[in-house]
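Asks: Dropping the structure in here first, questions after.
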Amino acid sequence: MVFQMVLLKFADWILYQLLANSCYRAARKMRSYGFFLKNHSLKSSQQQAPSFPNVFKCGLENRGSDILVCDIHGGLLRTESFFPYFMLVAFEGGSILRAFLLLLSCPILWVLDYELKLRAMIFITFCGLRLKDMENVSRAVLPKFYLENLHLKAFEVLASTGSRFAFTSVPRVMVEGFLKEYLLFDNVTGTELHTVGHYFTGLVSDSGLVLKHRALKDYFGDKKPDIGLGSSSLHDHLFISLCKEAYVVSRDEGKSGTSSVMPRDKYPKPLVFHDGRLAFLPTPLATLSMFMWLPIGVFLAFFRLFVGIHLPYKLALFLGIWSGLDLRVKGCSPSRSGHRKGILYVCTHRTLLDPVFLSTSLGQPLTAVTYSLSRMSEIIAPIKTVRLTRDRKQDGRTMQRLLSEGDLVVCPEGTTCREPYLLRFSSLFAELANEMVPVAMNTRVSMFYGTTASGLKCLDPIFFLMNPRPSYHIQILEKLPRELTCAGGRSSCEVANYIQRKLADTLGFECTTLTRKDKYMMLAGNEGIVQDKREKSQSIGK
Numbered sequence: 349m350v351f352q353m354v355l356l357k358f359a360d361w362i363l364y365q366l367l368a369n370s371c372y373r374a375a376r377k378m379r380s381y382g383f384f385l386k387n388h389s390l391k392s393s394q395q396q397a398p399s400f401p402n403v404f405k406c407g408l409e410n411r412g413s414d415i416l417v418c419d420i421h422g423g424l425l426r427t428e429s430f431f432p433y434f435m436l437v438a439f440e441g442g443s444i445l446r447a448f449l450l451l452l453s454c455p456i457l458w459v460l461d462y463e464l465k466l467r468a469m470i471f472i473t474f475c476g477l478r479l480k481d482m483e484n485v486s487r488a489v490l491p492k493f494y495l496e497n498l499h500l501k502a503f504e505v506l507a508s509t510g511s512r513f514a515f516t517s518v519p520r521v522m523v524e525g526f527l528k529e530y531l532l533f534d535n536v537t538g539t540e541l542h543t544v545g546h547y548f549t550g551l552v553s554d555s556g557l558v559l560k561h562r563a564l565k566d567y568f569g570d571k572k573p574d575i576g577l578g579s580s581s582l583h584d585h586l587f588i589s590l591c592k593e594a595y596v597v598s599r600d601e602g603k604s605g606t607s608s609v610m611p612r613d614k615y616p617k618p619l620v621f622h623d624g625r626l627a628f629l630p631t632p633l634a635t636l637s638m639f640m641w642l643p644i645g646v647f648l649a650f651f652r653l654f655v656g657i658h659l660p661y662k663l664a665l666f667l668g669i670w671s672g673l674d675l676r677v678k679g680c681s682p683s684r685s686g687h688r689k690g691i692l693y694v695c696t697h698r699t700l701l702d703p704v705f706l707s708t709s710l711g712q713p714l715t716a717v718t719y720s721l722s723r724m725s726e727i728i729a730p731i732k733t734v735r736l737t738r739d740r741k742q743d744g745r746t747m748q749r750l751l752s753e754g755d756l757v758v759c760p761e762g763t764t765c766r767e768p769y770l771l772r773f774s775s776l777f778a779e780l781a782n783e784m785v786p787v788a789m790n791t792r793v794s795m796f797y798g799t800t801a802s803g804l805k806c807l808d809p810i811f812f813l814m815n816p817r818p819s820y821h822i823q824i825l826e827k828l829p830r831e832l833t834c835a836g837g838r839s840s841c842e843v844a845n846y847i848q849r850k851l852a853d854t855l856g857f858e859c860t861t862l863t864r865k866d867k868y869m870m871l872a873g874n875e876g877i878v879q880d881k882r883e884k885s886q887s888i889g890k
């Protein structure tokens with residue numbers, strides 16, 4: 349009985365703190381600052397005008413020895429809201445259920461004050477989350493979205509300085525990896541999270557949430573940093589006022605005629621690999637749209653899958669396009685010589701469906717070879733698939749046999765790449781055939797990526813086909829002239845490099861020397877080899 353009374357009192361206190369106290373504070377905000385009103389004239393009369401100059405007025409000369417301090421949210425990114433990045437952690441590191449719970453909390457988060465809002469988001473996102481999963485998201489998912497949302501002028505100011513320090517109220521584990529690896533920050537001070545074993549508890553450590561102005565004072569003492577970057581909020585004004593020079597990164601800078609969007613060619617580090625399923629920045633409205641689309645998307649995915657597996661090519665193509673699939677094909681089926689061997693199609697690798705879409709576009713059955721394919725993907729594949737072993741001699745014999753039986757599709761990159769880069773081409777295919785046709789393939793998605801390095805590969809085709817309008821662009825190039833093949837005196841490496849450059853030029857991509865192993869070691873910490881149960885049992889037996 350005593351325990352029940354204590355539990356009731358504790359619940360009553362929680363309700364008071366989260367509802368009564370927060371709603372009271374929210375009501376005061378609405379009264380004082382026009383919380384619901386979007387009229388700019390009313391807001392401007394209630395809020396103090398920014399007293400610091402715009403970041404575009406900051407000079408870049410002779411900054412090599414300057415010390416810069418900022419917060420990534422409001423100071424470096426074009427969007428001040430940190431909700432999308434919590435949603436990325438919840439969805440990619442946790443589960444779709446955790447992400448849905450975070451979305452449902454939005455109405456409550458909206459009325460909470462800053463501290464309670466942040467604590468609530470931390471609890472929902474991190475409670476029960478494995479440390480390893482957070483590390484994967486921090487390394488493989490978040491950098492892509494941070495880079496795409498970097499403020500160009502803020503980055504230029506940052507790059508001109510000699511020392512960089514970040515102070516943020518969000519959990520340090522969400523930003524430290526990106527800031528140190530991509531932007532070369534010297535130190536990152538953020539909120540520390542409580543852990544038990546290999547799991548987060550969802551609670552903040554005993555040090556509490558980081559207050560940026562206090563953390564800056566504690567770190568630098570009486571010394572003033574040279575430059576401070578922040579948003580137009582009152583919290584950031586207090587933070588950057590402790591610097592010799594302070595600049596505001598405003599969201600209204602597009603009106604000045606100078607773009608704040610960070611172009612890809614100015615990224616501090618090329619973005620070649622990234623992981624995760626979400627292809628969009630999950631703002632509350634965008635996330636709500638995704639969950640509303642989800643039932644329709646699942647139905648469409650299975651409908652498109654059924655059509656591709658069981659129906660004739662022409663009918664499958666018609667129904668696929670009717671369901672929203674954007675398929676564009678340039679070029680035609682190549683002419684055949686008198687040789688008995690089949691034609692070797694050399695494709696860029698964007699998803700596991702590359703050979704399927706090529707086969708459907710040509711209207712003829714093809715055989716595809718791959719280095720690792722899940723058993724489920726093999727079962728549902730509408731074309732013949734053969735798994736290679738990574739033994740060069742054995743794989744060569746296998747491909748020679750398949751070419752003697754008919755046309756063959758090979759993706760010499762060995763793995764998929766989402767960005768406009770081509771990985772190093774394996775030269776094995778060039779030794780096996782004289783009739784080779786390069787095929788440039790590219791895909792576009794708006795909601796889900798159809799590839800993964802650390803997730804379930806058997807779901808890759810499902811996620812790709814769940815997009816409202818998945819796009820496949822296929823360009824079949826001219827057959828490689830004999831003088832450019834091994835039969836014409838070229839080495840296999842020369843042939844492979846020539847085809848890689850030809851396909852890159854066609855797509856507007858950039859060639860790299862990166863390999864499949866580089867990708868999986870960077871994103872998943874393994875070599876990306878999928879073993880079936882029989883192979884696993886044999887390896888364990890050894």
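Counting from 349, one number per residue, gives the positions in the sequence shown under this note's numbering. Every residue gets a Cβ at the ideal spot worked out from N, C-alpha and C, and that includes glycine.
Our contact map puts F448 next to F639 with C-beta atoms below 8 Å; I'd like the distance itself, whole angstroms only.
Replies: Here residue 448 refers to the residue found at position 100 of the sequence shown. Here residue 639 refers to the residue found at position 291 of the sequence shown. Correct: roughly 6 Å between the Cβ atoms.
Asks: The alpha helix (DSSP H) spanning Y494 covers which residue range?
Replies: Indexing the sequence shown from 1 puts residue 494 at position 146. Here the alpha helix (DSSP H) through Y494 covers 490 to 496.
Asks: Quick check on DSSP: helix, strand or coil for Y797?
Replies: Stepping through the sequence shown from its first residue, residue 797 is reached at position 449. Three-state DSSP puts Y797 in coil, outside helix and strand.
Asks: By how many angstroms is the C-alpha of L460 removed from the C-alpha of R379?
Replies: The residue given as residue 379 occupies position 31 in the sequence shown. The residue given as residue 460 occupies position 112 in the sequence shown. Below a pLDDT of 50, predicted positions are generally treated as unreliable, and R379, at 40, falls in that range; no measurement from the model is reported.
Asks: To which residues of the same chain is L642 closer than 6 Å at the C-beta, ignoring the five residues directly before and after it?
Replies: On the sequence shown, position 294 is the one that residue 642 refers to. Excluding residues within five positions, none has a Cβ falling inside 6 Å.
Asks: Using the three-state DSSP reduction, which class does I472 fall into: helix, strand or coil?
Replies: By one-based count along the sequence shown, residue 472 stands at place 124. Of the three classes helix, strand and coil, the one that applies to I472 here is helix, per DSSP.
Asks: What span of residues does the beta strand (DSSP E) with N790 cover, start to end?
Replies: As a first step, residue 790 is located in the sequence shown; it is residue number 442 there, counting from the start. Per DSSP, N790 belongs to the beta strand (DSSP E) from 784 to 792.
Asks: Can you confirm whether the region 664 to 675 touches the region 810 to 824 when touching is taken to mean that 3 or more C-beta pairs between the two stretches lie within less than 8 Å?
Replies: Yes: at least three Cβ pairs fall under 8 Å.
Asks: Examine chain B for any beta-carbon lying closer than 7 Å to the beta-carbon of T708, and answer yes or no.
Replies: Absent from the structure is chain B; it holds one protein chain and no more.
Asks: Can you tell me whether DSSP reads G873 as helix, strand or coil?
Replies: Here residue 873 refers to the residue found at position 525 of the sequence shown. Residue state for G873 is assigned as coil, using DSSP reduced to three classes.
Asks: Quick check on Q748: does DSSP put it in helix, strand or coil?
Replies: For the purposes of this step, residue 748 is identified with residue 400 of the sequence shown, where counting begins at 1. In the displayed model, Q748 falls within a helix according to three-state DSSP.
Asks: Determine the extent of the beta strand (DSSP E) in which S511 is found, giving its start and end residues.
Replies: On the sequence shown, position 163 is the one that residue 511 refers to. From DSSP, the beta strand (DSSP E) with S511 extends over 511 to 519.
Asks: By the DSSP assignment, the beta strand (DSSP E) with C418 in it spans what residues?
Replies: As a position in the sequence shown, residue 418 is number 70, starting the count at 1. Run containing C418: 415 to 418, per the beta strand (DSSP E) assignment.
Asks: Give the secondary structure of Y661 by DSSP, where H, G and I count as helix, E and B as strand, and everything else as coil.
Replies: As a first step, residue 661 must be located in the sequence shown, where it is residue number 313. In the structure shown, Y661 sits in a helix (DSSP, three-state: H, G or I).
Asks: Need the endpoints of the alpha helix (DSSP H) that N402 sits in, please.
Replies: Your numbering for residue 402 matches position 54 in the sequence shown. No alpha helix (DSSP H) holds N402; DSSP gives it neither H nor E.
Asks: Could you give the DSSP three-state label for I847: helix, strand or coil?
Replies: By 1-based counting over the sequence shown, the position of residue 847 is 499. Residue state, collapsed to three classes: helix.
Asks: For K617, collect the residues of the same chain with a Cβ closer than 7 Å to its Cβ; drop the 5 residues on either side in sequence, then sort them by chain order.
Replies: Looking up residue 617 in the sequence shown gives position 269. Cβ within range, chain order: Y530.
Asks: For A716, name the three-state secondary structure that DSSP assigns.
Replies: Here residue 716 corresponds to residue number 368 of the sequence shown, with the count starting at 1. It is a strand residue.
Asks: Can you tell me the Cα-Cα spacing of C475 and F548, whole angstroms?
Replies: The residue labelled residue 475 in the question sits at position 127 within the sequence shown. The residue labelled residue 548 in the question sits at position 200 within the sequence shown. One C-alpha to the other measures close to 6 Å.
Asks: Tell me the rounded alpha-carbon separation between L452 and W458.
Replies: Along the sequence shown, one-based indexing puts residue 452 at 104. Along the sequence shown, one-based indexing puts residue 458 at 110. So the alpha carbons of these two residues sit roughly 11 Å apart.
Asks: Just list the residues that DSSP pairs I575 with in beta bridges.
Replies: Position 227 of the sequence shown, counted from the first residue, corresponds to residue 575. Paired residues: L416, E593.
Asks: Would you report the Cα separation of K465 and S517, rounded to the nearest angstrom?
Replies: Here residue 465 refers to the residue found at position 117 of the sequence shown. Here residue 517 refers to the residue found at position 169 of the sequence shown. Going by the C-alpha atoms only, they are around 12 Å apart.
Asks: Helix, strand or coil: which one does DSSP assign to L828?
Replies: Here residue 828 refers to the residue found at position 480 when the sequence shown is read from its first residue. Correct three-state label for L828: coil.
Asks: For Y920, does the count of other Cβ atoms within 10 angstroms reach 16, so buried, or fall short, so exposed?
Replies: Only positions 349 to 890 of the chain appear in this structure, which leaves residue 920 out of reach.
Asks: Any idea which residues DSSP pairs C695 with across the strands?
Replies: Sequence index remark: in the sequence shown, residue 695 carries index 347 (1-based). Per DSSP, V787.
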